[in-house]
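Undergrad:
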Amino acid sequence: MRRLFLVAALALLLFLTSAAEPRTASAQSVSEAGALMVQAGRYEAASRRELRKAAREHRLAAAAAKKAKKTRAPGARKRLRRSARKHRVRAALHRKRARRQRKRAARLRRRAAQLGQVRAALVRRPPIPLGTAIDWSELQADPALERLFLDHFGQMSPENELKLFALQPRQGVYNFYTADRMVDWALSHGKRVRGHTLVYGNQLPHWMTSRAWTRDELLAVMRDHIETVMRHFHGRVAEWDVVNEAVGSWGDGWVHNLWYDVIGPDYVDQAFRFARAADPDAQLFYNDYGTELPDHPKTVRARALVSHLVSAGVPIDGVGLESHVSNQFKADGFEVAETMRRFAAMGLDVAVTEMDVRTNGGGPLAAELDTQRTTFGGSARACRMEPRCTSFTTWGISDRYSWFEVPELAPLMFDASMVPKPAFWDVEDWVRKP
Ligand code: XIL
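The opening residue of the sequence shown carries number 704 in our numbering; numbering runs sequentially from there.
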């Protein structure tokens, strides 16, 4: 009865796993594979037990046959021969059962192996791209910076060069000169490019902020920009921050920027719909800062927005955690992991997109650098361990060029002399090691 139940449960498991084949070696498929391997092990043990029983029956049959040969009394000889036959039949039966158990085990092991390269996934998830923001003019002026990028990073986020003010300096007049050179340079060195960003309330050009718009006019501007830019980079930029920083911690939970004020809260929905139509192959992200702690009011609001998008059928693929934090205000690795898990549970990818950790604690330098290391390392670990975390990006390489422009903050992984700081070794370990 117990065996019957076990077989039924296993059949159900096999059916369920074959019905929904996961995209990656997800945690779920790894644990399912683990369960299959355990069951396979049980079948193998049962098979060995049957073989031992078969051997015993075989010995008994041989002994009875030998005795029968020596026995004179015909009645006793007949009994012994019958006994030998009985033991031979039993031995055959046990061997047959052993074969059946072995076959079952092999079937389960094959099935488990199909569930996402079990061995590799159980040992460690494959490395994930380590990215950084790049300012093109800084990179061009500083060969040491270029060297660090080429040696240590696998992905680039243009820091400002793909923003609306840079690509569309006048209405309807696009300038891809710098952006093209940058993107092609990265691709020619085998680096991925994250597209940052299409719809952002900051850094808007004068032609947008200096006049009044109707909702329809601004929607048309948004559509034209998204279509033109995404089509231009189709096949080169596989992932875009479609909407950047729409959610606020206070008040009504929205950032009151031009897009929100003129179009209303559905500007986010519209942007994602335009983006999917413009490049159906691109991965579409919502990107924001201050969303690392799982229950911070801002994170809760970001989750509410994203949850709305998902349930309304708005095409969104992932959420970027900018992760501009400091030695005072930060999330530890477990908190970041929980935040990622909750977005992943909505069926979305996640990424760390702009991490830097300001060291303005005023403590001794070694202690500051150690806290910075733990914070960077915690997020990198969370990303490596979350099957849906697709990349880990820092907002710049060296403290010499940080966007904060305050040397004491020293928020990046290489110091102003381009020497790696403790944080770099932790991040490198979690993100890149095989
Ligand atoms: C920053 C750039 O690094 C600066 O050079 C620029 O002056 C302002 O914008 N969140 C974002 C990024 O999404 O686009 C911002 O980049 C940093 C905060």
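Yeah, the Cβ is synthetic: ideal placement off N, Cα and C, and Gly gets one too.
(1) Which runs of the beta strand (DSSP E) at least 3 residues long sit entirely within the segment 771 to 801? Give them in chain order.
(2) Which residues does DSSP pair with F689 in a beta bridge?
(3) Grab me the residues of L921's own chain with a C-beta within less than 6 Å of its C-beta, minus the 5 sequence neighbours each way, in chain order.
(4) Whole angstroms is fine: what's the gap from S913's alpha carbon to Y903's?
(5) May I ask you to verify whether the segment 923 to 932 touches the segment 1000 to 1018, counting CB pairs closer than 8 Å and requiring at least 3?
(6) Apply the 10 Å Cβ neighbour rule to P997 and answer buried if 16 or more other Cβ atoms are within range, or exposed otherwise.
(7) Compare the Cα-Cα distances from V971 to each of G993, A941, A1007 and S952 and report the closest residue.
(8) In this structure, does DSSP put Q871 in helix, strand or coil?
(9) Just list the alpha helix (DSSP H) runs in the segment 842 to 905, keeping only unbroken ones of 4 residues or longer that don't cross its boundaries, in chain order.
(10) Considering just the uninterrupted stretch of the alpha helix (DSSP H) at R1006, what are its terminal residues?
(11) Would you decide whether Y880 is buried or exposed? Buried here means 16 or more other CB atoms lie within 10 Å of its CB.
(12) Is D838 near the ligand XIL, going by C-beta to nearest heavy atom under 8 Å?
(13) Anyone know if the C-beta pair for F856 and L833 falls short of 9 Å?
(14) So, helix, strand or coil for G834, using DSSP?
(15) Short check: CB of I837 to CB of P861, under 9 Å?
(16) If you draw a straight line from the C-alpha of E1057 to the C-alpha of N863, how long is it?
(17) So, using beta-carbon positions, are A1034 and E995 closer together than 9 Å?
TA: Answer, in terms of the structure:
(1) Within the segment 771 to 801, there are no complete beta strand (DSSP E) runs of at least 3 residues.
(2) The structure shown does not extend to residue 689, since the chain spans only 704 to 1137, so no value can be given for it.
(3) For the purposes of this step, residue 921 is taken as residue 218 along the sequence shown, with counting starting at 1. The residues are V965 and I966.
(4) To locate residue 913, count along the sequence shown from 1; it is residue 210. To locate residue 903, count along the sequence shown from 1; it is residue 200. When rounded, the distance between both Cα atoms is 16 Å.
(5) no
(6) Here residue 997 is taken as the residue at index 294 of the sequence shown, counted from 1. Per the 10 Å Cβ criterion, buried.
(7) Along the sequence shown, read from residue 1 onward, the residue named residue 971 stands at position 268. Taking only the C-alpha atoms, the option nearest V971 is A1007.
(8) As a first step, residue 871 must be located in the sequence shown, where it is residue number 168. In this structure, DSSP gives Q871 a state outside helix and strand, which the three-state scheme calls coil.
(9) 846 to 855, 867 to 870 and 880 to 891
(10) Here residue 1006 refers to the residue found at position 303 when the sequence shown is read from its first residue. Counting along the chain, the alpha helix (DSSP H) containing R1006 begins and ends at P1000 to S1014.
(11) Position 177 of the sequence shown, counted from the first residue, corresponds to residue 880. It counts as exposed.
(12) Sequence index remark: in the sequence shown, residue 838 carries index 135 (1-based). It does: the Cβ of D838 is within 8 Å (strictly closer) of some heavy atom of the ligand XIL.
(13) Mapped onto the sequence shown, residue 856 falls at position 153. Mapped onto the sequence shown, residue 833 falls at position 130. Yes, they are a contact pair.
(14) The residue labelled residue 834 in the question sits at position 131 within the sequence shown. G834 falls in the strand class under three-state DSSP.
(15) Locating residue 837 in the sequence shown gives position 134, where the first residue counts as 1. Locating residue 861 in the sequence shown gives position 158, where the first residue counts as 1. Taking 9 Å as the Cβ cut-off, I837 and P861 qualify as a contacting pair.
(16) Here residue 1057 refers to the residue found at position 354 of the sequence shown. Here residue 863 refers to the residue found at position 160 of the sequence shown. Approximately 13 Å between the Cα atoms of the pair.
(17) Position 331 of the sequence shown, counting from 1, holds the residue named residue 1034. Position 292 of the sequence shown, counting from 1, holds the residue named residue 995. Contact: yes.
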